Amino acid sequence: MNTTMPTVSLQVRRHIKASRTRVFDAWTKPELMSQWLNACGGQVLSIQNTLRVGGEYSFRTSKPEMGEMAVKGIYKEITPPERLVFTWSYDSAKISMKEETLVTVELTEKDGGTEVCLTHERFPDAESCDQHQQGWGRILDQMGKLFGGKA
Amino acid sequence: MVKYSSKQLDATFAALADPTRRRLMEKLSHGEARVTDLAAPFKMSLPAVSKHLRVLEKAGLLERRRSGREFHLELNAAPMEEALRWIGTYRRFWEGSLDALANYLENNQPTTEEKP
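And the structure:
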């Protein structure tokens, strides 16, 4: 039996007409983060961070249908202006989700702007965070098509 | 966000940790199949393939149906849907947030844009 831990992950890309430095700042400065993070229908109530490897960030948001929600995590890698890696976990009584997940943000110069590539991975347990296993995308995509394209 | 059952997700992904089992699932995603058909492309014995199928079945990913003296297997969508829902929820969250990020940065250009 194979002992490696699989992950389930998703990737989102977005091209932004701004320099990598500005994009990186928007990801790491609380006053800028609150301008866009979770902006889809919600409101950022508070946000703080200690921008160093091992440092913590946290933010609280409010959504009409959800009430308050808190997210926190630890910075794993900070490489301005190209890469940011942090853990992500919910801190909410309403959500029965205690697992820790990992977010990797990669910024690449492209067409006079910046391409943001965000990967969010879920691990079966927090200890396996350092393991990166591929191979999920294809099977999940296929299942997604099969079961109504919910992914 | 939706409620997730961490236990079910763990069971799903533990069962799918094995490459042979992932290939079996992929084959089954095209439709139901007999154990012998599923085993054919693998360089392993029928009992060995059956053992992998039992792991998938135990995790609730497969359903077995007897037809005469043969078993037919088909996928059970529910555990995968849990995983797909997790992905879908975050995809919506991040797509919305990255749209807002682009919107914010592109509409608030600094007076002297620094070199990228």
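For the record, the sequence lines run as chains A and B.
According to our numbering, the first sequence holds residues 19 to 169 in order.
According to our numbering, the second sequence holds residues -14 to 101 in order.
Just so it is clear, CB atoms sit at the ideal spot from N, CA and C, and this is done for glycine as well.
This structure is a prediction, so every number in the text was calculated from the model and none was measured.
Short of 7 Å Cβ to Cβ, which residues in the stretch 39 to 56 of chain A face chain E? Although the question refers to chain E, the structure presented lacks it and instead comprises the protein chains A and B.
What does a CB cutoff of less than 8 Å around Ala0 of chain B pick up in its chain, not counting 5 residues either side in sequence? For the purposes of this step, residue 0 of chain B is taken as the residue at position 15 of the second sequence. So the list reads Arg6, Val40, Leu41, Lys43, Ala44, Leu46, once near-sequence residues are dropped.
Closer than 6 Å by C-beta to Glu124 of chain A: which residues in its own chain qualify, once you throw out the five before and the five after it? Chain order, please. For this step, residue 124 of chain A is matched to residue 106 along the first sequence. These residues qualify, in order along the chain: Arg101, Cys135.
Thr122 of chain A and Glu133 of chain A look like a contact to me (Cβ under 8 Å); what is the Cβ gap, rounded to whole Å? As a position in the first sequence, residue 122 of chain A is number 104, starting the count at 1. As a position in the first sequence, residue 133 of chain A is number 115, starting the count at 1. Not confirmed; about 14 Å, so no contact.
Contact between the stretch 20 to 39 of chain B and the stretch 65 to 83 of chain B (3+ Cβ pairs under 8 Å): no
Near Gly155 of chain A, what residues of its chain come up, given a Cβ to Cβ distance below 6 Å and the 5 sequence neighbours on each side ignored? For the purposes of this step, residue 155 of chain A is taken as the residue at position 137 of the first sequence. With a pLDDT of 49 at Gly155 of chain A, under the threshold of 50, the modelled position of this residue cannot be trusted, and the question is left open.
Short CB-CB distance (under 8 Å) between Leu136 of chain A and chain B: Taking the first sequence and counting its residues from 1, the one referred to as residue 136 of chain A is at position 118. At least one chain B Cβ lies under 8 Å of Leu136 of chain A.
Can you tell me which of A:Thr105, A:Glu95, A:Ser37 puts its alpha carbon nearest to the alpha carbon of Lys128 of chain A? What you label residue 128 of chain A is simply residue 110 of the first sequence in a count that begins at 1. Comparing Cα positions, the closest option is A:Ser37.
Going by C-alpha distance, which of B:Gly73, B:Ala2, B:Glu17 is nearest Arg50 of chain B? On the second sequence, residue 50 of chain B is found 65 positions in, with the first residue counted as 1. Among B:Gly73, B:Ala2, B:Glu17, the Cα nearest to that of Arg50 of chain B belongs to B:Glu17.
Give the residues from the stretch 48 to 63 of chain B that approach chain A closer than 9 Å (Cβ to any Cβ), ordered along the chain. Leu60, Ala62
Measure from the alpha carbon of Gly60 of chain A to the alpha carbon of each residue in A:Arg78, A:Gly73, A:His138, A:Glu118, then state which is nearest. Residue numbering aside, residue 60 of chain A sits at position 42 when the first sequence is read from its first letter. Closest option to Gly60 of chain A, Cα to Cα, is A:Arg78.
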